[in-house]
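Chemist: Here you go, one structure.
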């Protein structure tokens, strides 16, 4: 271990209570980005971070976007590598508040449960707690050594839970100020409680809403049933046709650009022992539902998928109502891999839908923002450095895996800045992000901070 | 025209303003049967009618059921035919109240619009206005002749809008007091503004709810999409499979007991000129959606049908959410004709659904109350008498048709009392029953009253 690193890690251990107080101060700000009523609190959360980073010695500014502002902080180090760290200060809404044990999502508490200490608050894990692991690592380096091992830019946005509205445009306009050698994101999770994880690929996304309208009003099914078109029937036929009997998506050309993973990667995945039972058992299921004959990890990492995310139409209250609805709608999304093109899939999907709507009915297909899949080069030097640092902290090799989810900013960094992104986070599957009683384990916060301290050092050493 | 009838009709004309005042008094009582908060008003509406019928010379009582009371009124006439008249004093809820032009659904008003005078209030058409056409006809007969042409029993219930809860049991326990030669119901509509209608058949109903549960919680579609079962997919496949390419219902044995209508009836229906364009045009459609090669009137009268009445699952708000729902549910109903058996269809439907649910998912099939189809004998003498009376009042032949809807009490009268029912009503398609701004045309009320005065006389004459 480097001579400069030991005092940094010791300082992180020693200062944990104070670090927790700093995080709590930030968690008390209700920076909900999707509700305009909280716009002021979003700005307050940005200002709080600006003050914190300025005090640490970063050149910091709060900058306007089309929605909530971003916080931008610089600390250059000529001759050393430069990293761009991304996170977000905004949080999810808190409803239903009655399901929070404390009833106070913005009054953070340290709670002991199941033998672990947990920080309970909205944003504890997603993403304020995770962002602060990086900030505290910087603080300790600066406190002990008066400097950071590498040059650092932080870009902390305030609209991630609102589709990162305005961020790609802002990034595009500020390319020069975001120059770096690699991007770091702390918004993902561990493989399990003991095993760190680096996310090396992300599936892309194409998301649609389909609204079918038949009659121009709701009808009595007694008077019209059997003669009038029913939009729920039309929609069901469309949705049922999206998968064949083998679980494959039936859109023409859907699998264009999808590659089989290399044999050695498949072998590595098999070695993880993630059986269908292990993967689906904890959520009450047994059988993989997608394409037949694939490992669960393949299905969620290297294969595309289609899911109907929501559907509504007609009478949905208690009991019965004999109605034929005028309209029914569904949200349909596709997870994309490799070279699948969201724009081409949008065109194919719309044609697929329109071909299945009767001539006297109408359909609207809304296309939400899509993103391509992203994958890291397996041989990038920063990946090895980060793996080494994580192994030293956790005593276990980091698992390098893809994830089924999409983080559009990663694609934007590649496209707009030419940057590859290391996704390293310390969340756990049971952190209940986006749900009541969100928590972040104290161990995630503490060892996450130590991990970043090591990674910053390792990235500097890798260059040297 | 009978010597005794002319003064009765003249009295109805002369007393119209007073008749309207009496109806308005009843409409002011907010007898909403589905909301327990209005139970007292339901009882008040029953008492109001009890007082009215007692004053007319009926032996009247308010009798308890398991929900709201029924009003029972007798006026026997030895040697003459006896009719059992059924209606209901309860009304639908009024929400959303903002959509009522007057904002006061229980302050009845006489409004002039589109060249017609209309009674606007909740219950104006369904069913207080219709019930009062019969009561006022009795009043005029009694006022002019001191007697009614036939013996009359009125059974006016208070839970029709709540599935007639408690009524079949009450009828079963009071068979002796409900003896009659024929039942009359005034809860249906005219063929059009000028043409009276007698409903001679009703489709039956079998109504179900299907709830599919996959994982034991909502999942992130990024992490699980392609591997975890999606209940909306399962449900869509079930619903899509209910109809084949020709619009026929695919449940095994579904068409058992369905008969083709006699050739002469088909010929009569063709003569009505109800083309797909005429039938579906007013609701914004063009093509019949059900079984191919059938007239629209066949599809809604003599053919069974299946409709999904509602569906819900997953995210249904604005924008996007990448969720795989734990549960999705749909309401599915079947309109039955001839000898189709709702119990057999319930068994077949449940098996059909269960066969399409993956082994590691669960499904609940709720079976709501079903009813068999009902049809009048075409040669019943009271049908001819009523047709003749209606033709005299309206100057047009009454159309004798089936209706696609179900009125369970009609089946109960047949099953429990051995009675056939003549369904004669004066509502119009645009009366907005169950909706804001419910209305009943003054002409419906006035000529409806005159119609019943004639029908009562015709039923007496038919016997003689």
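Protein chains in written order, with my numbering: chain A, 1234 to 1697; chain B, 1234 to 1697. Where a beta carbon is used, it is the ideal one built from N, C-alpha and C, also for glycine.
Less than 9 Å between CB atoms is the rule here; does residue 1449 of chain A satisfy it with respect to chain B?
Modeler: The C-beta of residue 1449 of chain A comes closer than 9 Å to at least one C-beta of chain B.
Chemist: Take the Cβ of residue 1559 of chain A as the centre, count every other Cβ of all protein chains shown within 10 Å, and call the residue buried at 16 or more, exposed below.
Modeler: buried
Chemist: Could you name the residues of the same chain whose beta carbon sits closer than 6 Å to that of residue 1561 of chain B, not counting the 5 residues immediately before and after it, in chain order?
Modeler: 1445, 1464, 1465, 1468 and 1546
Chemist: Compare the C-beta of residue 1688 of chain B against all C-beta atoms of chain A and say whether one is closer than 9 Å.
Modeler: no
Chemist: Counting pairs of Cβ atoms below 8 Å between the region 1633–1645 of chain A and the region 1428–1439 of chain A, do you hit three or more?
Modeler: Enough Cβ pairs lie closer than 8 Å, so yes.
Chemist: From residue 1374 of chain B to residue 1326 of chain B, what distance separates their C-alpha atoms?
Modeler: Taking C-alpha positions only, residue 1374 of chain B is separated from residue 1326 of chain B by approximately 34 Å.
Chemist: Give the interface partners of residue 1636 of chain B over in chain A, defined as CB-CB distance under 8 Å, in chain order.
Modeler: 1455 and 1456
Chemist: So what does DSSP say about residue 1331 of chain A, is it helix, strand or coil?
Modeler: helix
Chemist: By how many angstroms is the C-alpha of residue 1653 of chain A removed from the C-alpha of residue 1786 of chain A?
Modeler: Beyond the ends of chain A as shown, which are 1234 and 1697, falls residue 1786 of chain A; an answer cannot be given.
Chemist: Using a threshold of 9 Å, state whether the C-beta atoms of residue 1242 of chain A and residue 1687 of chain A are closer than that.
Modeler: yes
Chemist: Looking at C-beta atoms only, is the number of pairs between the region 1637–1653 of chain B and the region 1451–1461 of chain A that lie closer than 8 Å three or more?
Modeler: Between the region 1637–1653 of chain B and the region 1451–1461 of chain A, the count of C-beta pairs closer than 8 Å reaches three or more; the two stretches touch.
Chemist: At least one CB of chain C closer than 9 Å to the CB of residue 1656 of chain A: is that the case?
Modeler: Within the model displayed, chain C is absent; protein chains A and B are what it includes.
Chemist: Answer with buried or exposed for residue 1251 of chain B, where buried requires no fewer than 16 other C-beta atoms within 10 angstroms of its C-beta.
Modeler: exposed
Chemist: Given a limit of 8 Å on CB to CB distance, which residues of the region 1519–1531 of chain B reach chain A?
Modeler: Flagged, chain order: 1519, 1520, 1521, 1522, 1523, 1524 and 1529.
Chemist: Mind pulling the beta strand (DSSP E) runs of 3 or more residues that sit fully within the region 1366–1437 of chain A?
Modeler: 1384–1390, 1415–1418 and 1430–1435
Chemist: Starting from residue 1452 of chain A, find everything on chain B with Cβ-Cβ shorter than 7 Å and list it in chain order.
Modeler: 1516
Chemist: I want to verify the contact list: residues of chain B whose CB lies under 9 Å from the CB of residue 1587 of chain A, in sequence order.
Modeler: Going along chain B, no residue has its Cβ under 9 Å from residue 1587 of chain A, so there is no contact; the nearest lies around 16 Å.
Chemist: Quick one: complete beta strand (DSSP E) runs, 3+ long, within the region 1610–1665 of chain B?
Modeler: 1632–1636 and 1654–1657
Chemist: For residue 1681 of chain A, name the three-state secondary structure that DSSP assigns.
Modeler: helix
Chemist: Rounding to the nearest angstrom, what Cα-Cα distance links residue 1520 of chain B and residue 1535 of chain B in this structure?
Modeler: 18 Å
Chemist: I'd like the list of long-range same chain contacts for residue 1525 of chain B, defined as Cβ closer than 8 Å, with 5 residues on each side in sequence excluded.
Modeler: 1479 and 1480
Chemist: I want to verify the contact list: residues of chain B whose CB lies under 7 Å from the CB of residue 1436 of chain A, in sequence order.
Modeler: Annotation: Cβ neighbours of residue 1436 of chain A in chain B (cutoff 7 Å, chain order): 1455.
Chemist: Across which residues does DSSP place residue 1599 of chain A in a beta bridge pair?
Modeler: A/1442
Chemist: Just to confirm the assignment, what range does the alpha helix (DSSP H) spanning residue 1534 of chain A have?
Modeler: 1529–1534
Chemist: Are the C-beta atoms of residue 1670 of chain A and some chain B residue less than 9 Å apart?
Modeler: no
Chemist: Helix or strand or just coil, what does DSSP make of residue 1253 of chain B?
Modeler: helix
Chemist: Name the two residues that bound the continuous alpha helix (DSSP H) containing residue 1567 of chain B.
Modeler: Segment 1560–1569 is the beta strand (DSSP E) holding residue 1567 of chain B; no alpha helix (DSSP H) there.
Chemist: Rounded to whole angstroms, what is the Cα-Cα separation between residue 1367 of chain A and residue 1523 of chain A?
Modeler: 37 Å
Chemist: Assign residue 1611 of chain B to one of two classes, buried (16 or more other C-beta atoms within 10 Å of its C-beta) or exposed (fewer than that).
Modeler: exposed
Chemist: Anyone know if the C-beta pair for residue 1518 of chain A and residue 1461 of chain B falls short of 9 Å?
Modeler: yes
Chemist: I'd like to know whether the C-beta atoms of residue 1513 of chain A and residue 1593 of chain B end up nearer to each other than 9 Å.
Modeler: Less than 9 Å divides the Cβ of residue 1513 of chain A from the Cβ of residue 1593 of chain B.
Chemist: Whether or not the region 1670–1678 of chain A and the region 1350–1361 of chain A are in contact is what I'm after, with contact meaning three or more pairs of Cβ atoms, one per stretch, closer than 8 Å; do they touch?
Modeler: yes
Chemist: If you draw a straight line from the C-alpha of residue 1474 of chain B to the C-alpha of residue 1527 of chain A, how long is it?
Modeler: 27 Å
Chemist: What distance in whole Å lies between the Cβ atoms of residue 1644 of chain A and residue 1363 of chain A, which are believed to be in contact at a cut-off of 8 Å?
Modeler: Their Cβ separation, rounded to whole angstroms, is 20 Å, which puts residue 1363 of chain A and residue 1644 of chain A out of contact at 8 Å.
Chemist: At 8 Å on the CB atoms, spell out the chain B contacts of residue 1512 of chain A, in chain order.
Modeler: Those are 1460, listed as they occur along chain B.
Chemist: Can you list the residues of chain A that residue 1431 of chain B reaches, using a CB-CB cut of under 8 Å?
Modeler: Chain A residues near residue 1431 of chain B: none, gap ~16 Å exceeds 8 Å.
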